[in-house]
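Undergrad:
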Amino acid sequence: MDIKNLTGGNLRTEGSPSGVKPRVTSTADRPSTPNTPGAIGEPVTLTQTARIMSAARDQANNVPINEAKVAELTVAIAEGRYSIDNQRLADRMLAFERLLA
Numbered sequence: 001m002d003i004k005n006l007t008g009g010n011l012r013t014e015g016s017p018s019g020v021k022p023r024v025t026s027t028a029d030r031p032s033t034p035n036t037p038g039a040i041g042e043p044v045t046l047t048q049t050a051r052i053m054s055a056a057r058d059q060a061n062n063v064p065i066n067e068a069k070v071a072e073l074t075v076a077i078a079e080g081r082y083s084i085d086n087q088r089l090a091d092r093m094l095a096f097e098r099l100l101a
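Using full-length UniProt numbering, the first residue of the sequence shown is number 1, and each one after it goes up by one.
Here is the structure:
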């Protein structure tokens with residue numbers, strides 16, 4: 001796919017693509033599915049990778065948030081006082097890349 005000449009002329013700005021249903025967000029709108037042991041259906045087996053990713057997601061959802069720090073940073077950004085140390089950011093990005101290699 002050539003991404004150099006994208007014009008955006010064929011991008012949709014309203015509605016959803018044809019044939020695509022919007023995601024159901026309300027639990028009342030969802031069809032009920034039994035969560036009981038012995039429910040009729042196909043057995044599902046998760047891979048080790050899926051189990052690890054699920055555990056990581058659960059851990060990430062339980063990380064405490066420092067609300068005072070978030071508020072402080074929000075105000076600093078809004079007032080234009082938040083500065084970025086480009087060298088420190090670059091060093092940390094490189095260190096992260098090394099972890100992935």
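Backbone N, C-alpha and C define an ideal beta-carbon position, used for all residues, glycine too. Please read all numbers here as calculations on a predicted model, not as lab measurements.
1. Consider the Cβ of G80: report whether some Cβ of chain B lies at a distance smaller than 8 Å.
2. Once DSSP output is grouped into helix, strand and coil, what is the label at V75?
3. State the CB to CB distance for the pair Y82 and L73, rounded to an integer number of angstroms; the pair is presumed to be in contact (CB under 8 Å).
4. Going by DSSP in three states, V70 sits in which element: helix, strand or coil?
TA: On the basis of the supplied data:
1. The question asks about chain B, but that chain is absent: this structure has only one protein chain.
2. Here residue 75 refers to the residue found at position 75 of the sequence shown. It is helical.
3. Residue 82 sits at position 82 when you count from the first residue of the sequence shown. Residue 73 sits at position 73 when you count from the first residue of the sequence shown. Correct: roughly 7 Å between the Cβ atoms.
4. The residue you call residue 70 lines up with position 70 of the sequence shown. In the structure shown, V70 falls within a helical segment according to DSSP collapsed to helix, strand and coil.
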